[in-house]
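So the sequence lines, in the order shown, correspond to chains B and G.
Mapping of the first sequence onto the working numbering: position 61 corresponds to residue 65, and the numbering continues sequentially without gaps.
Mapping of the second sequence onto the working numbering: position 260 corresponds to residue 264, and the numbering continues sequentially without gaps.
Just below is one structure, and these are the notes that go with it.
Protein chains: 2
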Amino acid sequence: MKIKNDLLLRAHNGESLERYPVWIMRQAGRILPEYRIVRSKLSGFKELVETPEFAAEVTIQPVDLLDVDAAIIFSDILVVPEAMGLPYQMIEQKGPWFENTIRSNEELSYLDTIIDVEDRLSYVFEAIKLTKIALDSRVPLIGFAGAPWTVFCYMVEGKGSKTFSESRKLLYTNPVFAHELLSRITDVTIRYMKAQVSAGADALQLFDSWAGILGTEQYREFGLNYIEKIVAAFPNFPFTVFSKGALASLPEIAALNCSTLGLDWNMSIEETRKLVGETKTLQGNLDPCVLYGSDESIKKETIKMLKSFKSQRHIVNLGHGVYPDIDPEKVKVFIQTVKNYEN
Amino acid sequence: MKIKNDLLLRAHNGESLERYPVWIMRQAGRILPEYRIVRSKLSGFKELVETPEFAAEVTIQPVDLLDVDAAIIFSDILVVPEAMGLPYQMIEQKGPWFENTIRSNEELSYLDTIIDVEDRLSYVFEAIKLTKIALDSRVPLIGFAGAPWTVFCYMVEGKGSKTFSESRKLLYTNPVFAHELLSRITDVTIRYMKAQVSAGADALQLFDSWAGILGTEQYREFGLNYIEKIVAAFPNFPFTVFSKGALASLPEIAALNCSTLGLDWNMSIEETRKLVGETKTLQGNLDPCVLYGSDESIKKETIKMLKSFKSQRHIVNLGHGVYPDIDPEKVKVFIQTVKNYEN
């Protein structure tokens, strides 16, 4: 069925737009009181992720409440390692935690070798199906996954890290192991994202949150190589690669065969446009801290960003996920400014 | 008195060198068993920083044990906010913590307005004097401070942070306050670094650890503006600015009137050399994770970096502080590889 507001999809395809589409990373979640009500009924974050009815409900909330031009399925990038046999917990105020970590060939045995992705991640696909029904073709639904390098970091460290030195150490001490684990993650990720599309996802995004901690050579070898494989599995599909912090690798990221690049707020729209010409859509990149400012200052900064666009090929977003203590009213000011902007 | 091994100073000045000088960030500290012996006798990190005899002892250890070409005074960037009236604690396994934070004009009143830097930081100057005596002109001694933006972040957040969103928020919501606090930090930092030179520091380094979280415009306004003021106070003095993560701002950093730029391991030596020509010395930038590898791989990666140098104006270092669990023997392999390298 034809999506009524298909601005996002047309932006991915480089088609002409009457205005720029806008959504925000982490729009489904912590900032909305309506989300917190749903969340408070449940035992925790994971129950929400794993219960399709609730995941669908919070996925749709920002479409209804914030008037964004796309929904993104409420889930977590760590469902992939869990599907591989490495369960995680989400600890309040602290973040993700894995009981086991994978740092050697021997520890690869903690992982399952035969993985029925359709079955293990059925709750995600079910949530996508329910969301599609409830959205009733109003806006596109985005599916997503973590990029292999970022997922690798969590599987190696077992939690967040300032330096990710355990992960980076392995690139020097045991690159064969690193490639083996990255290959396995890549394989599951491709199957996972394909199943998201089968379930109804209209666009996909790969989040490489820790791209920026690698130098360009290592990011090519251990990051982009695997992203390339994933992207190759989705030819001509609306696909965004968001390599946060990987400014030095932008020329190589720009060469990926995906429709859209996500930019963080330290990446220059103008410079990136020079690099990609009209071959790519750019997504981003307002500093999420702008939303702490006054309405006037949010409008000013948003318009400044919009004026820097010299092409139609843009999807407006923040340069990172919205911070949890942002007032949803401020988010609305941002979204309405984009919608009212006359190009 | 003439310093016997003055390679570091000649590198700063762009003079000819028989080989590249080498030292490593955080060389005085956690990696050395000899350091941990001194540390174990004391109540904590702060007692070590504040006791000149011990601070001098651990400052000299890497010169004796690792054979580096420079000493750097053992201290902490947070002595500056403490001298301003905002005491900190260093919590084991966690990092720095401030009881009070400064987030508004009202909270500026927590800070002292009349600050006798010579007196409040006398323990640092005393440590420098003792170190100089014990070094007996073998190698130069580096003094240092945190750049105003990084110190500002700690004073605002009160501790480390993943996003530093409280600090960045203020740049949008109260830029006047931000400039006031940054100006005060800058003023104390200039006086602090001048007193370090008077006490005997032969070179200076400014650490801007959180430079990379700002976009280029904000880094110019809230970061580089103040670094420029500090640098201007030390004309023709060996001075390194290390703006970690600020890749996008390198063209502007390169325009600073200092002798040397510190590069992190994500910054390209070749690209930066193109930018600065022969006007600057470059310091860095081996990925600290290389030191987890085998001796062979450390040699290989070090030589690869050295071969990328197309100029004499280099000081070899890591691209970030050495990680605490690195074997000092591995550090020696790195240092000896640099020393044995025939240009």
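Even for Gly, the Cβ is constructed at its ideal location relative to N, Cα and C.
Measure the alpha-carbon distance for residue i versus residue j and round it to whole angstroms.
{"i": "G/Pro332", "j": "G/Gln97", "result": "21 Å"}
{"i": "B/Leu112", "j": "G/Tyr223", "result": "43 Å"}
{"i": "B/Gly249", "j": "G/Val245", "result": "21 Å"}
{"i": "G/Ile7", "j": "G/Asp206", "result": "9 Å"}
{"i": "B/Val84", "j": "G/Ile137", "result": "59 Å"}
{"i": "G/Lys45", "j": "G/Ser141", "result": "28 Å"}
{"i": "G/Val128", "j": "G/Glu282", "result": "34 Å"}
{"i": "B/Met5", "j": "B/Thr341", "result": "30 Å"}
{"i": "B/Glu300", "j": "B/Val335", "result": "13 Å"}
{"i": "G/Pro292", "j": "G/Met309", "result": "13 Å"}
{"i": "B/Pro239", "j": "B/Asn261", "result": "8 Å"}
{"i": "B/Cys157", "j": "B/Val235", "result": "20 Å"}
{"i": "B/Ile217", "j": "B/Ala149", "result": "19 Å"}
{"i": "B/Glu19", "j": "B/Ile319", "result": "12 Å"}
{"i": "G/Ile273", "j": "B/Asp71", "result": "46 Å"}
{"i": "G/Thr193", "j": "B/Leu322", "result": "35 Å"}
{"i": "G/Arg277", "j": "B/Leu13", "result": "42 Å"}
{"i": "G/Glu86", "j": "B/Asp329", "result": "29 Å"}
{"i": "B/Tyr114", "j": "B/Gln200", "result": "26 Å"}
{"i": "B/Gly227", "j": "G/Asn229", "result": "35 Å"}
{"i": "G/Leu95", "j": "G/Ile189", "result": "Looking at the sequence provided, one finds Ile at residue 95 of chain G rather than Leu. Taking the straight line joining both Cα atoms gives about 23 Å."}
{"i": "B/Val62", "j": "B/Ala131", "result": "10 Å"}
{"i": "B/Asn109", "j": "B/Lys198", "result": "28 Å"}
{"i": "G/Lys314", "j": "G/Gly288", "result": "14 Å"}
{"i": "B/Glu22", "j": "B/Tyr345", "result": "10 Å"}
Need the endpoints of the beta strand (DSSP E) that residue i sits in, please.
{"i": "G/Met94", "result": "Tyr92 to Ile95"}
{"i": "B/Trp269", "result": "First-last for B/Trp269: undefined, no H or E at that position."}
{"i": "G/Gly99", "result": "Gly99 to Phe102"}
Please classify residue i: does DSSP put it in a helix, a strand, or coil?
{"i": "G/His318", "result": "strand"}
{"i": "B/Asn289", "result": "strand"}
{"i": "G/Ile35", "result": "coil"}
{"i": "G/Phe212", "result": "Here residue 212 of chain G is Asp; the residue named in the question, Phe, does not match the sequence. G/Asp212 falls in the strand class under three-state DSSP."}
{"i": "G/Ser312", "result": "coil"}
{"i": "G/Thr220", "result": "helix"}
{"i": "G/Ile234", "result": "helix"}
{"i": "G/Gly227", "result": "helix"}
{"i": "B/Ile189", "result": "helix"}
{"i": "B/Leu21", "result": "coil"}
{"i": "B/Phe181", "result": "helix"}
{"i": "B/Pro85", "result": "helix"}
{"i": "B/Phe241", "result": "coil"}
{"i": "B/Pro255", "result": "helix"}
{"i": "B/Leu145", "result": "strand"}
{"i": "G/Ser47", "result": "coil"}
{"i": "G/Ser298", "result": "coil"}
{"i": "G/Ala203", "result": "helix"}
{"i": "G/Val72", "result": "coil"}
{"i": "G/Val280", "result": "helix"}
Locate the alpha helix (DSSP H) running through residue i, then write down its first and last residues.
{"i": "B/Gln65", "result": "Pro56 to Leu69"}
{"i": "B/Thr154", "result": "Pro152 to Glu161"}
{"i": "B/Thr341", "result": "Pro332 to Asn344"}
{"i": "B/Thr177", "result": "Ser169 to Thr177"}
{"i": "B/Phe78", "result": "Element bounds for B/Phe78: n/a, residue is neither H nor E."}
{"i": "B/Thr135", "result": "Ser126 to Leu139"}
{"i": "B/Thr264", "result": "No alpha helix (DSSP H) contains B/Thr264, which is instead part of the beta strand (DSSP E) from Thr264 to Gly266."}
Rounded to whole angstroms, how far is the Cβ of residue i from the Cβ of residue j, which I believe are closer than 8 Å?
{"i": "B/Lys163", "j": "B/Pro100", "result": "6 Å"}
{"i": "B/Ala75", "j": "B/Val143", "result": "6 Å"}
{"i": "B/Thr135", "j": "B/Ile35", "result": "About 19 Å; that fails the 8 Å criterion."}
{"i": "B/Leu185", "j": "B/Gly147", "result": "That pair is no contact at about 23 Å."}
{"i": "G/Leu139", "j": "G/Val53", "result": "Contact doesn't hold; Cβ gap of about 19 Å is too wide."}
{"i": "B/Ser169", "j": "B/Val160", "result": "With 8 Å as the limit, B/Ser169 and B/Val160 do not qualify as a contact, their Cβ atoms being about 10 Å apart."}
{"i": "B/Met88", "j": "B/Asp116", "result": "6 Å"}
Does the CB of residue i have a neighbour CB from chain A at under 8 Å?
{"i": "B/Thr285", "result": "In the structure shown, chain A does not exist; the protein chains are B and G."}
Is residue i near the ligand MG, in the sense that its beta carbon is under 7 Å from a heavy atom of that ligand?
{"i": "G/Asp68", "result": "By its list of ligands, the structure shown contains no ligand whatsoever, and the ligand MG lies outside what it can speak to."}
**Asked** Mind listing which residues of the segment 288-312 of chain B have their C-beta closer than 8 Å to chain G's C-betas, in chain order?
**Response** Within the segment 288-312 of chain B, Asp291, Pro292, Cys293, Val294, Tyr296, Gly297, Ser298, Ser301 and Glu305 place their CB atoms closer than 8 Å to a CB of chain G, listed in sequence order.
**Asked** Residues in the segment 226-257 of chain B with C-beta within 7 Å of chain G's C-beta atoms, listed in sequence order?
**Response** From the segment 226-257 of chain B, only Leu251 and Ala252 have a Cβ closer than 7 Å to chain G.
**Prompt:** Residues in the segment 265-277 of chain G with C-beta within 8 Å of chain B's C-beta atoms, listed in sequence order?
**Reply:** Those would be Trp269, Asn270, Met271 and Ser272, in chain order.
**Request:** Name, going along the chain, the residues of the segment 169-191 of chain B whose beta-carbon falls closer than 8 Å to a beta-carbon of chain G.
**Result:** Residues passing the 8 Å Cβ filter: Ser169, Arg172, Lys173, Leu175, Tyr176 and Thr177.
**Request:** Could you name the residues of the segment 24-46 of chain B whose beta carbon sits closer than 9 Å to any beta carbon of chain G, in the order they occur along the chain?
**Result:** With the criterion set as a beta carbon lying under 9 Å from some beta carbon of chain G, the segment 24-46 of chain B has no members that meet it.
**Request:** Output, in sequence order along the chain, the residues in the segment 189-222 of chain G whose CB is closer than 9 Å to any CB in chain B.
**Result:** Taking 9 Å as the upper bound on Cβ-Cβ separation, chain B lies near residues Gly216, Ile217, Leu218, Gly219, Thr220 and Gln222 of the segment 189-222 of chain G.
**Message:** Along the segment 319-334 of chain G, where does the CB come closer than 7 Å to a CB of chain B? Name the residues.
**Reply:** Here the close residues are Tyr327.
**Asked** Of the residues that make up the segment 125-159 of chain G, which ones have a beta carbon closer than 7 Å to any beta carbon in chain B?
**Response** Across the segment 125-159 of chain G, no CB contact with chain B closer than 7 Å is found for any residue.
**Item:** Residues in the segment 57-87 of chain G having any Cβ partner in chain B nearer than 8 Å
**Value:** Those residues of the segment 57-87 of chain G that come within reach of chain B (Cβ to Cβ, closer than 8 Å) do not exist; the list is empty.
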